[in-house]
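Q: Heads up: the sequence lines are chains Z and R, in that order. So the first sequence is numbered by the working numbering: it starts at 176 and just counts up by one. So the second sequence is numbered by the working numbering: it starts at 77 and just counts up by one.
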Amino acid sequence: AQSVTQLDSQVPVFEEAPVELRCNYSSSVSVYLFWYVQYPNQGLQLLLKYLSGSTLVESINGFEAEFNKSQTSFHLRKPSVHISDTAEYFCAVNRYHYGGATNKLIFGTGTLLAVQP
Amino acid sequence: GAVVSQHPSRVICKSGTSVKIECRSLDFQATTMFWYRQFPKQSLMLMATSNEGSKATYEQGVEKDKFLINHASLTLSTLTVTSAHPEDSSFYICSARARTGTNTEAFFGQGTRLTVV
């Protein structure tokens, strides 16, 4: 079975500071990895994903995540955060299945990124 | 990106009544739709997976007679909370996966805040 661990429930950071949100997963098979962002009272929006190829993936708003197979991690980073980045961030894993992915997205418990002025 | 519309965004109902939540894929055909429940400050818990034209598959511990799911077309799935009680109050989120190829991305609706009084 797959599982996702986000150790930090909340990460306070000052504006323009760098941030790293940690995500570790466990799986005995190949997986796809995702980061989603959720703004208050809204659904989830895909931030970035790792399917294959380059282990470093980037989003259009400056976030990046690196897939580290040996450490089973997919940490999310941004070199300089903005107030508008304040949101809940969820790491998720989807088990690889021949021809695509299985139906289940397994989510971590989320990390609240609180950017302070 | 693909758009999933969920309606209503908020609903308040009396205990004992039923509430229907709609999830529509606006610009793609969704063979598979997922329904999640999210408690405050917690992660998303998958309730059920539905494929167009067939019965939904419920996760362990989810009462299928209480949470009725219908996926009658490739663009619409509904979740009906029957005989709602205050403990059913939660944030419900749907997501949809497109039909083609090995697509691994699920697109999320905006969520529905259900309050049972």
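Glycine is no exception: its CB is placed at the ideal position from the N, C-alpha and C atoms. Please read all numbers here as calculations on a predicted model, not as lab measurements.
1) Just to confirm, is the Cβ distance from residue 253 of chain Z to residue 215 of chain Z under 8 Å?
2) Going by the DSSP bridge assignment, what does residue 109 of chain R pair with across the sheet?
3) Please check if any C-beta of chain Z sits within less than 8 Å of the C-beta of residue 102 of chain R.
4) Does the separation of the CB atoms of residue 221 of chain Z and residue 209 of chain Z fall below 8 Å?
5) What does residue 186 of chain R reach in chain Z if we use C-beta pairs closer than 8 Å?
6) So for residue 235 of chain Z, helix, strand or coil by DSSP?
7) In the DSSP output, what is residue 240 of chain Z paired with across the bridge?
8) From the DSSP output, in three-state form, read off residue 187 of chain Z for me.
9) Using a cut-off of 7 Å between C-beta atoms, extract the partners of residue 244 of chain Z located in chain R.
10) On a CA-only basis, which of R/162, R/131, R/139 and R/106 is nearest residue 172 of chain R? Give me that one, please.
11) Starting from residue 169 of chain R, find everything on chain Z with Cβ-Cβ shorter than 8 Å and list it in chain order.
A: For this structure:
1) No Cβ-Cβ contact shorter than 8 Å links residue 253 of chain Z with residue 215 of chain Z.
2) According to DSSP, residue 109 of chain R bridges with R/126 and R/172.
3) Cβ-Cβ to chain Z under 8 Å: no for residue 102 of chain R.
4) Taking 8 Å as the cut-off, the Cβ atoms of residue 221 of chain Z and residue 209 of chain Z count as close.
5) Residues of chain Z passing the Cβ test: 217 and 218.
6) Three-state result, residue 235 of chain Z: coil.
7) Bridge partners of residue 240 of chain Z: Z/232 and Z/251.
8) Here residue 187 of chain Z sits in strand by DSSP.
9) At a C-beta separation below 7 Å, residue 244 of chain Z has no neighbours in chain R, since its nearest C-beta there lies roughly 18 Å away.
10) Comparing alpha carbon positions, the residue from R/162, R/131, R/139 and R/106 closest to residue 172 of chain R is R/106.
11) For residue 169 of chain R, the C-beta contacts it makes with chain Z under 8 Å involve 218 and 219, in order along the chain.
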